[in-house]
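**Student:** Protein chains in written order, with the working numbering: chain R, 1 to 401; chain F, 1001 to 1088.
In this text, a Cβ means the ideal position worked out from N, Cα and C, and glycines have one as well.
In this text the structure is predicted, and so the values were computed from the model without any measurement.
#1: In this structure, does DSSP put residue 113 of chain R in helix, strand or coil?
#2: Measuring CA to CA, which of R/325, R/16, R/307, R/178 is closest to residue 169 of chain R?
#3: What's the gap between the Cα of residue 1080 of chain F and the Cα of residue 72 of chain R?
#4: Measure from the C-beta of residue 220 of chain R to each C-beta in chain F and report whether the shortest distance is under 8 Å.
#5: Check whether the Cβ of residue 1062 of chain F lies closer than 8 Å to any Cβ atom in chain R.
#6: Taking the alpha carbon of residue 333 of chain R as the reference point, which residue from R/80, R/131, R/12, R/115 has its own alpha carbon closest?
#7: Is there at least one Cβ from chain R nearer than 8 Å to residue 1068 of chain F's Cβ?
#8: Tell me, please, whether the CB atom of residue 105 of chain R is closer than 8 Å to any CB atom in chain F?
#9: If the criterion is Cβ atoms closer than 8 Å, does the pair residue 1049 of chain F and residue 1066 of chain F meet it?
#10: Using a Cβ cut-off of 9 Å, pull out every chain F residue sitting near residue 213 of chain R, in sequence order please.
#11: To test your reading of the DSSP string, which unbroken beta strand (DSSP E) runs of 3 or more residues are found completely within the stretch 140-215 of chain R?
#12: In three-state DSSP terms, what is residue 1016 of chain F?
#13: Quick check: is the beta carbon of residue 148 of chain R nearer than 8 Å to any beta carbon in chain F?
#14: Between residue 1028 of chain F and residue 1071 of chain F, which are expected to be in contact by the criterion C-beta below 8 Å, what is the C-beta distance as a whole number of angstroms?
#15: Put residue 21 of chain R into one of helix, strand or coil per three-state DSSP.
#16: Just the Cα atoms here: how many angstroms apart are residue 162 of chain R and residue 202 of chain R?
#17: Would you say residue 179 of chain R reaches chain F, if we count a Cβ-Cβ gap shorter than 8 Å as a contact?
#18: Measuring CB atoms only, is the stretch 85-99 of chain R touching the stretch 111-118 of chain R, in the sense that at least three cross pairs come out at less than 8 Å?
#19: By the criterion of Cβ-Cβ separation under 7 Å, what are the contact partners of residue 217 of chain R in chain F?
#20: Nearest to residue 268 of chain R by alpha carbon, out of R/290, R/280, R/254, R/258?
#21: Could you tell me whether any Cβ in chain R is nearer than 8 Å to the Cβ of residue 1108 of chain F?
#22: Candidates R/193, R/34, R/59: which alpha carbon is nearest residue 253 of chain R's?
#23: On the three-state DSSP scale, how would you describe residue 303 of chain R?
#24: Anything in chain F within Cβ reach of residue 229 of chain R, meaning under 7 Å, just list it in chain order.
#25: Spatial neighbours of residue 16 of chain R within its chain, please: C-beta separation below 6 Å, excluding the five flanking residues on both sides.
#26: Report all residues from its chain with a CB closer than 8 Å to the CB of residue 96 of chain R; omit the five preceding and five following residues, and keep chain order.
#27: If you check the beta carbons only, do residue 331 of chain R and residue 128 of chain R fall under 8 Å apart?
#28: Measure from the alpha carbon of residue 143 of chain R to the alpha carbon of each residue in R/75, R/316, R/261, then state which is nearest.
#29: Going by DSSP, which residues form a beta bridge with residue 1052 of chain F?
Right, dumping it as structure tokens:
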């Protein structure tokens, strides 16, 4: 057995390698990737698997990300299971193919090693690349740990290829903080993942064959039909939310790990205030929440895992009755002068029971900056002060204080 | 909710392509004079819509998709294609 075959073992892996094991375990038929920082080691690991004889998909090396996605669109139309990964400008460069993948309902799984987006130029961590394409029709799941990257790739295939869903899925993880930092990772056994993905085999999926050709991406359709496809895609996004919760529960039963489905709630039940995170800052936030709890502050934490479709029902349920909510955003929405998750929460204000929680935003960790223990303590203290009725700035740029 | 397509996405079959009949946009149409057509196929090569097919006696356009651009008449070496206004 090859010494890089770590299936069934517990090892220390960085996020890119953990992701690569997730892909290996899902046995894709076609992989087309173009390297870009910080996703590159994931791709390199897949090639290593192939060189060692562990992995046998069609591996295509295209001349850029746009072609990578276009190749997967073709492979998906022919019924294949597909994978790619990208970051930042690579994601921008594949943009029209990215839209086509979702509009054609091709269940492609793509990892995004998240990185800042130009300009200014930055190769460091950020969530700007992924959140910029939030309305391009893909499901987007954000991960906190190397283990969660691996597990989410496996769950992503169950979700994407489900015949009730048929949507492409992004598995998003922050560059460097996750892509290049190492953590303890349990790598499932192949048979366990085969069993977990087995229900997909019984699901009907249309495919293009030479004997029975189909027309995919009919490019000029009457307005009513166009509207119908848009409606059906929105409905599929609606179904994806509950389906993802179900898949997470089944995953927990089989693998002993749950990541919470659409959102993960931590000590929220009796909390007066809640902070909302997305991605790798959640780990630090959990530690600070514990400390503040020890100090007697009733604070909880919500990790947004499923950013698209919006987990709005679960957010409203979890946040109803809270006095104040502090959002930690590693992205910027220029139009609103705040981060993207803050905008998302603002749209829920009308859904809360009154009085609705006071919402505050904290922009931090841009351009690869740390989201530190001190910053999160500051987020919690400011949110607690707002809950106590003190006036606080609606949006705080923590690195600029 | 009324749906026209049995499919979940913008997919269809070649027999029932569920697309726009672009011929509806036409204000003029090509009419081939079979006796003048040498069946060289030049019109079919140049047709931007790819909708000219060879028939038994001559080439002619599929009027479901022909937009009436007139390229076929312009390139026909035998002047076998006339462009005729559609009646309103």
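**Tutor:** Working from what's here:
#1: strand
#2: R/307
#3: 46 Å
#4: yes
#5: no
#6: R/131
#7: no
#8: yes
#9: yes
#10: 1013, 1014
#11: 169-174, 182-186
#12: strand
#13: no
#14: With a Cβ gap of about 12 Å, residue 1028 of chain F and residue 1071 of chain F do not count as contacting.
#15: helix
#16: 10 Å
#17: no
#18: yes
#19: 1010
#20: R/290
#21: Here chain F comprises residues numbered 1001 to 1088, so residue 1108 of chain F is not present and cannot be evaluated.
#22: R/193
#23: strand
#24: 1009, 1010
#25: 41, 42, 179
#26: 66
#27: yes
#28: R/261
#29: F/1061
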